[in-house]
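Engineer: Residue numbers for the sequence shown follow the working numbering, beginning at 10 and rising by one.
Using N, Cα and C, we set each Cβ at its ideal position, and we do this for glycine too.
Predicted, not measured: the structure shown is a model, and the values here were computed from it.
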Amino acid sequence: MYKSTPHISSPLLPERWLLVDADGQIVGRVATAIAKLLMGKDQPQYNSAVDAKTNVVVINAQAVKFSGKKTSDKTYSHHTGYLGHLKTRSVAMMMAKQPTKVLGQAVSGMLPKNKLRKVMLGRLKIYADAAHPHEGQQPVQVKL
Numbered sequence: 010m011y012k013s014t015p016h017i018s019s020p021l022l023p024e025r026w027l028l029v030d031a032d033g034q035i036v037g038r039v040a041t042a043i044a045k046l047l048m049g050k051d052q053p054q055y056n057s058a059v060d061a062k063t064n065v066v067v068i069n070a071q072a073v074k075f076s077g078k079k080t081s082d083k084t085y086s087h088h089t090g091y092l093g094h095l096k097t098r099s100v101a102m103m104m105a106k107q108p109t110k111v112l113g114q115a116v117s118g119m120l121p122k123n124k125l126r127k128v129m130l131g132r133l134k135i136y137a138d139a140a141h142p143h144e145g146q147q148p149v150q151v152k153l
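#1: Assign Ile43 to one of three DSSP states: helix, strand, or coil.
#2: With C-beta atoms as the reference, is Ile135 less than 8 Å away from Val67?
#3: I'd like the ranges of any beta strand (DSSP E) spanning at least 3 consecutive residues and lying wholly in the stretch 115-152.
#4: Under three-state DSSP, which class holds Thr80?
#5: Can you give me the start and stop residues for the alpha helix (DSSP H) that Lys106 sits inside?
#6: Flag Lys79 as yes when its Cβ comes closer than 7 Å to any non-hydrogen atom of the ligand SAH, and as no otherwise.
#7: Whole angstroms are fine: how far does the CA of His143 sit from the CA of Glu24?
#8: Three Cβ pairs or more, each shorter than 8 Å: is that satisfied between the stretch 57-66 and the stretch 75-87?
#9: Can you tell me which residues form a DSSP beta bridge with Tyr85?
What follows is the structure, encoded as structure tokens:
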């Protein structure tokens, strides 16, 4: 007798909206929790090859903290494509100019490196303060 495990496909999954408050949280711990929510690992029908259709709204991204001496030692770097043009910025400079990008890069590094990564990052909405335009979707508050 042949038995197979039923797997749910992406069109059958309901879309859900979650709200995460990052105020006073450590960046790495918040990013890990957000990555798990985006992948759908908190749902019983988790499948790594299926989009979980989870939209995560993160508020208060400018109030995240770093543990240890990362505020003085950690740097973010990117290359422009020209010879000798490696640009580096400290955490303090990134938090002053683009506080949402710090948390976005941390979450991006924790997601799987496959075709669903871009889809998952498209479902991540990060805002520096408590105001966000997604009240109409009625996001459910998630405690971390």
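Structural biologist: Taking the geometry as given:
#1: In the three-state reduction of the DSSP assignment, Ile43 falls in the helix class, which pools H, G and I.
#2: Yes.
#3: With a minimum length of 3 residues, the continuous beta strand (DSSP E) runs that stay inside the stretch 115-152 are 133-135, 149-151.
#4: The DSSP-derived three-state label of Thr80 is helix.
#5: Start and end: 100-106.
#6: The ligand SAH is not part of this structure, which contains no ligands at all.
#7: Taking the straight line joining both Cα atoms gives about 14 Å.
#8: Not touching, per the Cβ criterion.
#9: Paired residues: Arg98.
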